[in-house]
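In my numbering, the protein residues as written are 45 to 214.
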């Protein structure tokens, strides 16, 4: 938890600094992004795998801004970059849910009745459209306000966690 609290605090500070300093982007739209920018942003994802508490999206968005991208372009690329990971994680979770121990119990995999498939499909479709609406709203919000509120949230959360750990509460 010490690593997580430190990562939250440091990530918040980095986010605040990047958002304040990198205000004149060279790349305004994701379509204008160069290969070196894409590689730099993709490599930034490693931070979230190595350091618990480091947000994947925070590291990729900050890397995008450092690489000269506008906030919306960096945010949009970060969302697109997350899609393969989310797709695989969702598929894995789905398989764990609908195929539990089928090999041990000698039953056919994917044994869901039609009602369960309908419920699953409705849930998937609704989630997809809600996610699109939230992303559109969030893009608009970030264009107007930047990432400072999220940086402040991470800083406060990191300090709070570190204080709780220092006092022996956790």
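Think of the CB as a built atom: it goes at the ideal place given N, C-alpha and C, for glycine as much as any other residue.
Check, Outcome
"Rounded to a whole number of angstroms, what is the C-alpha to C-alpha distance between residue 195 and residue 55?", "8 Å"
"Tell whether a beta-carbon distance below 7 Å holds between residue 92 and residue 103.", "yes"
"Going by DSSP in three states, residue 6 sits in which element: helix, strand or coil?", "Given that the chain is displayed from residue 45 to residue 214, the structure contains no residue 6 and the question cannot be resolved."
"Helix, strand or coil: which one does DSSP assign to residue 77?", "coil"
"For residue 50, which residues from the same chain have a beta carbon less than 8 Å from its beta carbon, with the 5 sequence-adjacent residues on both sides left out?", "97, 202, 206"
"Does DSSP put residue 183 in a helix, in a strand, or in coil?", "helix"
"Report all residues from its chain with a CB closer than 7 Å to the CB of residue 187; omit the five preceding and five following residues, and keep chain order.", "115, 116"
"What are the boundary residues of the alpha helix (DSSP H) that includes residue 48?", "46-65"
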